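Data first, discussion second: the structure below is written as structure tokens.
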Amino acid sequence: MRLLLFPALLSLSSVPSTFSAAIPQALYEIPSAPAPTHRIAPEALDVTPPSAQHEMISARVDLSGMDSNADTDPPGKYFHEAHFHHHYDGRFAKNEVSYTARRETLIALIRSYLATMNEIGAETWIMHGSLLGWWWNKRIMPWDTDLDVMVSEDSANHLAKYYNMTVHHYQHAGWSTGRDYMLEMNPYYTNTSREDTLNKIDGRWVDMESGLFIDITVLHQDVEAQAAGDIGALFCKDNHTYTTDMIFPLRESVFENITALIPYAYAEILADEYGPAALTNRDFEMHHFDQAVMDWIPISSVNDIPTPEPGYEAVPTDLPKPATTLEAAPTPVIPRTGSSIATS
């Protein structure tokens, strides 16, 4: 993995006056990052080890003339999705990739993200639709068009201070060329008001070739709820609420053949978010879950699958086959007292 470091071009004066959230100056500084503290042991990956050299390149590219909603989004919204699909970054894509290429590209996306976060010592875990995919077979569901992860406040601060606007280059096994991934933190991540509905997404990990991305949200202490007696109340700006015991201690598992952390009460979280039927219904989104192969199989051919642009290189299909057995209750590996949720 080669790390390219962006100097952020967004000036403080460009922040809309309608928001009172202060943007930390650290987002626009380039300090030296401390040595990572691994919560889980690094594992062997089909990626090139990180380089110690940093290269300076321009950041936050000009959105004019690109397939971005920047010209139509409400003032104050930081992330702008593509005109053609809300799960693509219009700075890096002009159209959707094919059904097969999308899943393969998302696999590479989550592997590169989890490998990088482990390397730099940032605590993160999979959530929402990605966690539901883990529930079924530890894989991305084939109809998903993005991925969802969560980070603690400490990790968000670490990423914003040391790694905002960095590009990470991976040479995946079987690819003729490498792929670049950009980590971008929303400067409004420090505004914890749930009224800031335009900035519910706190960060993104973006594939700079396909435009597909991972949404990153920050888990916060719910100070108001705790003051009212709801001890351990937590929340994200996307209006999801949790308790400390639902998230921590995080469990170590596997997702798309790479070590991943999942929330402690994963079944309860999924049932609350999607309903109990989501954990047992084997027919969904024109797919059937085949237990013989432990994967979602299309029920019928899809005629409106877009064709990728000429020259687009998807992840090879000869990737290692993931584990096919579900674990009922993975052994917790991180003590409850080890949570890095900030209390101040």
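FYI, the numbering for the sequence shown is -20 to -1, 1 to 324, going by mature numbering (1 follows the signal peptide of the UniProt record, and there is no 0).
Every residue, glycine too, gets a C-beta built ideally from N, C-alpha and C.
Source: prediction; values computed, not measured.
- The Cβ neighbour count for methionine 266, taken over all protein chains shown within 10 Å, is under 16; the residue is labelled exposed.
- Within its own chain, the residues whose Cβ lies closer than 7 Å to the Cβ of threonine 223, once the five positions on either side in sequence are excluded, are Gly212, Ala213, Leu214, listed in chain order.
- With contacts defined by Cβ atoms closer than 8 Å, leucine 111 and tyrosine 244 do not form a contacting pair.
- Cβ neighbours of aspartate 270 within its own chain (closer than 8 Å, five residues either side excluded): Trp276, Ile277.
- The residue among Thr125, Arg159, Asp225, Tyr169 with its C-alpha nearest the C-alpha of histidine 149 is Arg159.
- If you compare the alpha carbons of Leu241, Asp210, Leu178 with that of glutamate 61, the shortest gap goes to Leu178.
- Counting along the chain, glutamate 232 sits inside no alpha helix (DSSP H); it lies in the beta strand (DSSP E) bounded by residues 231 to 235.
- Arginine 184 is not a Cβ neighbour of aspartate 202, given a cutoff of 8 Å.
- Judged by DSSP secondary structure, tryptophan 114 falls within the alpha helix (DSSP H) whose first and last residues are 108 to 117.
- Membership of arginine 91 in the alpha helix (DSSP H) is indicated by the continuous run 79 to 100.
- Here serine 233 has Trp114, Lys118, Thr239, Ala240, Leu241, Ile242, Glu307, Pro310 as same chain residues with Cβ atoms under 8 Å from its own Cβ, once five neighbours each way along the sequence are excluded.
- In this structure, leucine 199 lies away from methionine 165, with their beta-carbon atoms at least 8 Å apart.
- Only residues of its own chain outside the window of five on either side were considered, and among them Arg174 have a CB closer than 7 Å to the CB of asparagine 219, listed in chain order.
- With respect to the 8 Å criterion, glutamate 189 and arginine 91 are not classified as neighbours on the basis of their beta carbons.
- In this structure, the straight-line span from the alpha carbon of asparagine 261 to that of threonine 170 is close to 38 Å.
- Between leucine 127 and the set Glu103, Trp116, His67, Asn98, the nearest pair of CA atoms involves His67.
- For aspartate 252, the enclosing alpha helix (DSSP H) has its first and last residue at 246 to 254.
- For the pair histidine 268 and isoleucine 279, the Cα-to-Cα distance works out to about 6 Å.
- The straight-line gap separating the alpha-carbon atoms of valine 147 and alanine 205 is approximately 38 Å.
- The C-beta distance from aspartate 187 to tyrosine 161 rounds to 6 Å, short enough to meet the 8 Å contact threshold.
- Distance from the Cα of alanine 102 is smallest, within the candidate group Asp124, Arg83, Asn49, Lys141, for Lys141.
- Around the beta-carbon of lysine 57, 16 or more other beta-carbon atoms lie within 10 Å, marking it buried.
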